[in-house]
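A.B. asks: Shown below is the structure under consideration.
Protein chains: 2
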Amino acid sequence: MRTLNHSVIKAFDLLDHFTQHHPTWGVRELAQHTGQNKSTIYRLLATLESLGVLRKEIQTDRYTLGLKLFELGHRVQLQQSLVHQTHPVLQRVAANISETVHLGVLRSAKVFMVDKVESPMGLKLSSTVGSYSPVHCTSLGKILLAFQPQDRRRQLISDLDLRSYTANTITRKRLLQAQLNEVRTQSYALDREELELGLICVAVPVFNQQRELIAALSAAGPANRFRENALGEYVGILQQGASAIQSRIGSFSLKTIM
Amino acid sequence: MRTLNHSVIKAFDLLDHFTQHHPTWGVRELAQHTGQNKSTIYRLLATLESLGVLRKEIQTDRYTLGLKLFELGHRVQLQQSLVHQTHPVLQRVAANISETVHLGVLRSAKVFMVDKVESPMGLKLSSTVGSYSPVHCTSLGKILLAFQPQDRRRQLISDLDLRSYTANTITRKRLLQAQLNEVRTQSYALDREELELGLICVAVPVFNQQRELIAALSAAGPANRFRENALGEYVGILQQGASAIQSRIGSFSLKTIM
DNA sequence: AAACGACGTTTCAAATAATGAAACACTTGT
DNA sequence: ACAAGTGTTTCATTATTTGAAACGTCGTTT
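Chains as they are written, first to last, in our numbering: chain A, 1449 to 1706; chain B, 1449 to 1706.
As structure tokens, then:
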């Protein structure tokens, strides 16, 4: 049978607690939060620190993610042919559209940010490669849902938690379903301040040459800079980018990276 | 006493074998290379795969670094105020100088690439954030050595392995010593095809506001584009970037990230 | 000053999980 | 059909992880 190594699982479970939201942890705090014994947590944290995976702040005795993960994480990027191929396209799109551009894939029912290029403007969205966003209130997420095969889409939607972030967030599945149908026919998706007030995004699907959905490409910017009548133009630039990616990645499939 | 978790240490030791040079491993291969039992390796790899830390290629049954590390690695970057502060400066320098720009710090006697912005030119150096380079044959390395406190510098140099990469590589410690003295007086360092033929780099030191050496900033490009009489100009732009970083990072110290 | 509380750290016997040689299952090339 | 190469599973032996309690240290409160 498949007997996994529990210590290693525990270690990575601990690492997952170090989020953008909660970047530092003390021994007792983490022990209490995970329900484990504080000795165990202490030893695991000390081990991870000795490896450079965590770093202990000398003044506070609290732990943070360390450079070893930075190093390992960037080795992955290398081997990820996807990002390597798409980044130049994103740069061009960002330059043309003058807004922050993102590339996201679907991963465990969330939008996983694979790459971004920031807007040249002073006021811009500052987001995070490697982080997750909800699917139901982002343009990337709507694209990634809408172009899923029907049964997979149903499954995903039925498991969704339509948490509300702003007054504009879609919180009813029927409404989401309807909007996804619309997205599929018009081939682009919008997020009108549904995740954050003042933030508007437009996204289009990215297919490989077998016409399998690979990712979604979006532009995001402040609502007051968004010109309603220029929507067609935004979509056009994004679609141009999407097809540039398509011709670059060929028959690349998500199965080769996930 | 300090009793570390051996399983966790072993797991990260395995991860360190997945390098740019050798990105995939099979069970037996890795077992032989580490001198461990193949059952042990098998179970550790299976565990890491179940966590998304490794990914098993379905066709070959070989393992590669997975998206979980990509995710964790990018969480570190966030918390690393250094990169967050310096990236915009690097962008400006890269635009002004039209070459690939790097920011590196000294880590375990090697140059650790913290950030880069690629040249807008077609022909450019394609390097890797999160990787290590030798100190004795890179402009970044020479800066990071030259501006070390004297005793630390002696220690570092005495432990160095002056491996030869090209005919230009400095392989004698006396010569390196002499050049470092020169670097210190002129406040910039050169690498004239010492690591790779056809590649020339210029670097300057980056200090914090306490005048402690934090990092080195370099521009790298093809030798045939390097104009000898424009050296002063390159150095000027880099130094301008270095002082922009200095005023941004304030009293930031390497102790807070390493 | 002394007592307190909160923290990381260490101890040691008991409980548990990791180990490795061998057998197994499977694929690939001869 | 065979051989040689994979990854995978087994199970008794071995070594490690575990957790309650005690310890040392810091800053705050009495």
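All residues carry an ideal CB built from backbone N, CA and C; glycine is no exception. Remember, it's a predicted structure, so these values are computed and weren't measured experimentally.
Measure the alpha-carbon distance for glutamate 1641(B) versus tyrosine 1613(B) and round it to whole angstroms.
C.D. replies: 9 Å
A.B. asks: I'd like the list of long-range same chain contacts for glutamine 1533(B), defined as Cβ closer than 8 Å, with 5 residues on each side in sequence excluded.
C.D. replies: Ile1693, Arg1696, Ile1697 and Phe1700
A.B. asks: Return the CA-CA distance between serine 1455(B) and threonine 1472(A), expressed in angstroms with no decimal places.
C.D. replies: 24 Å
A.B. asks: For the stretch 1457-1471 of chain B, which residues have a CB atom closer than 9 Å to at least one CB atom of chain A, in sequence order?
C.D. replies: Going along the stretch 1457-1471 of chain B in chain order, one finds Ile1457, Lys1458, Ala1459, Phe1460, Asp1461, Leu1463, Asp1464, Phe1466, Thr1467, Gln1468 and Pro1471 with a Cβ nearer than 9 Å to chain A.
A.B. asks: With DSSP collapsed to three states, give me the class of proline 1670(B).
C.D. replies: Residue state, collapsed to three classes: strand.
A.B. asks: Measure the C-alpha to C-alpha separation of arginine 1601(B) and arginine 1659(B) and round it to an integer number of angstroms.
C.D. replies: 17 Å
A.B. asks: Beta-carbon of alanine 1494(B) versus every beta-carbon of chain A: anything under 8 Å?
C.D. replies: Chain A, which has a Cβ nearer than 8 Å to the Cβ of alanine 1494(B), makes this yes.
A.B. asks: Less than 7 Å between C-beta atoms, sequence neighbours within five positions excluded: which residues of the same chain meet that for valine 1531(B)?
C.D. replies: Gln1525, Val1562 and Asp1563
A.B. asks: Within 8 Å (strictly less), CB to CB, does methionine 1706(A) reach chain B?
C.D. replies: yes
A.B. asks: Rounding to the nearest angstrom, what Cα-Cα distance links serine 1581(A) and serine 1556(A) in this structure?
C.D. replies: 11 Å
A.B. asks: Taking just the CA atoms, how far does glycine 1514(B) sit from leucine 1496(B)?
C.D. replies: 9 Å
A.B. asks: For the beta strand (DSSP E) holding leucine 1610(A), just list the boundary residues, first then last.
C.D. replies: Counting along the chain, leucine 1610(A) falls outside any beta strand (DSSP E), and DSSP gives it neither H nor E.
A.B. asks: Name the chain B residues that come within less than 8 Å of glycine 1680(A), Cβ to Cβ?
C.D. replies: Those within 8 Å of glycine 1680(A) in chain B number zero; the least Cβ separation is about 29 Å.
A.B. asks: Are leucine 1551(B) and glycine 1521(A) closer than 8 Å when you measure CB to CB?
C.D. replies: no
A.B. asks: Would you give the residue range spanned by the alpha helix (DSSP H) that alanine 1690(B) belongs to?
C.D. replies: 1679-1697
A.B. asks: Between which two residues does the beta strand (DSSP E) harbouring aspartate 1639(A) extend?
C.D. replies: 1637-1640
A.B. asks: Leaving out five residues on either side along the sequence, give the residues of the same chain with a beta carbon under 7 Å from the beta carbon of glutamate 1547(B).
C.D. replies: Ser1567, Ala1667, Ala1668 and Gly1669
A.B. asks: According to DSSP, is aspartate 1563(B) part of a helix, a strand, or is it coil?
C.D. replies: strand
A.B. asks: Judging by CA-CA distance, which residue of Ser1498(A), Cys1585(A) and Ala1459(A) is the nearest neighbour of alanine 1615(A)?
C.D. replies: Cys1585(A)
A.B. asks: Hey, out of His1470(B), Gln1468(B), Leu1493(B) and Thr1467(B), whose CA is closest to alanine 1479(B)'s CA?
C.D. replies: Leu1493(B)
A.B. asks: CA-CA distance, alanine 1690(B) and valine 1541(B)?
C.D. replies: 10 Å
A.B. asks: Go to threonine 1576(B), then tell me how far its alpha helix (DSSP H) extends in each direction, as first and last residue.
C.D. replies: Run containing threonine 1576(B): none; DSSP gives neither H nor E here.
A.B. asks: Please list the partners that histidine 1550(B) has in chain A, where partner means a Cβ-to-Cβ separation under 8 Å.
C.D. replies: Those do not exist, as histidine 1550(B) stays about 13 Å from chain A at its closest Cβ, beyond 8 Å.
A.B. asks: In the DSSP assignment, what residue or residues form a beta bridge with isoleucine 1591(A)?
C.D. replies: Paired residue(s): none; isoleucine 1591(A) is not in a bridge.
A.B. asks: If you measure between the beta carbons of leucine 1628(A) and lysine 1590(A), is that distance less than 8 Å?
C.D. replies: For the pair leucine 1628(A) and lysine 1590(A), the CB atoms are nearer than the 8 Å cut-off.
A.B. asks: In three-state terms, what does DSSP make of lysine 1521(A)?
C.D. replies: Residue identity check: residue 1521(A) is glycine in the sequence provided, not lysine. Reduced to three states, the DSSP call for glycine 1521(A) is helix.
A.B. asks: Which residues in the same chain have their Cβ closer than 6 Å to the Cβ of arginine 1632(A), if we skip the five residues on either side of it in sequence?
C.D. replies: Ala1594
A.B. asks: Does asparagine 1544(A) have its Cβ less than 8 Å from a Cβ in chain B?
C.D. replies: Not closer than 8 Å to any Cβ of chain B, the Cβ of asparagine 1544(A) fails to qualify, so no.
A.B. asks: Which chain A residues are close to arginine 1658(B), counting only those with a beta carbon under 9 Å from its beta carbon?
C.D. replies: One point to set straight first is that residue 1658(B) is glutamine, not arginine, in the sequence displayed. None at all; the shortest Cβ gap to chain A is about 17 Å.
A.B. asks: Under the three-state reduction of DSSP, which class applies to alanine 1651(A): helix, strand or coil?
C.D. replies: strand
A.B. asks: Cβ closer than 9 Å: which chain A residues qualify as neighbours of arginine 1450(B)?
C.D. replies: Arg1491, Ala1494 and Ser1498
A.B. asks: For histidine 1522(A), return the contacting residues in chain B, with the cut-off set at a CB-CB distance below 8 Å.
C.D. replies: Gly1521, Thr1576, Val1577, Gly1578 and Ser1579
A.B. asks: I want to verify the contact list: residues of chain B whose CB lies under 8 Å from the CB of phenylalanine 1518(A), in sequence order.
C.D. replies: Gly1521, Val1524, Gln1525, Gln1528 and Gly1578
A.B. asks: Alpha carbon to alpha carbon, how far is isoleucine 1605(A) from valine 1654(A)? Give it in angstroms, no decimals.
C.D. replies: 21 Å
A.B. asks: What's the call for leucine 1588(A), buried or exposed, on a 16-neighbour Cβ count within 10 Å?
C.D. replies: Burial state of leucine 1588(A) is buried, judged by a 10 Å Cβ sphere holding 16 or more other Cβ atoms.
A.B. asks: Considering only C-alpha positions, which residue in the set Val1559(A), Val1549(A) and Ser1575(A) is nearest to alanine 1565(A)?
C.D. replies: According to the sequence displayed, residue 1565(A) carries valine and not alanine. Of the candidates Val1559(A), Val1549(A) and Ser1575(A), the one whose C-alpha sits nearest the C-alpha of valine 1565(A) is Val1549(A).
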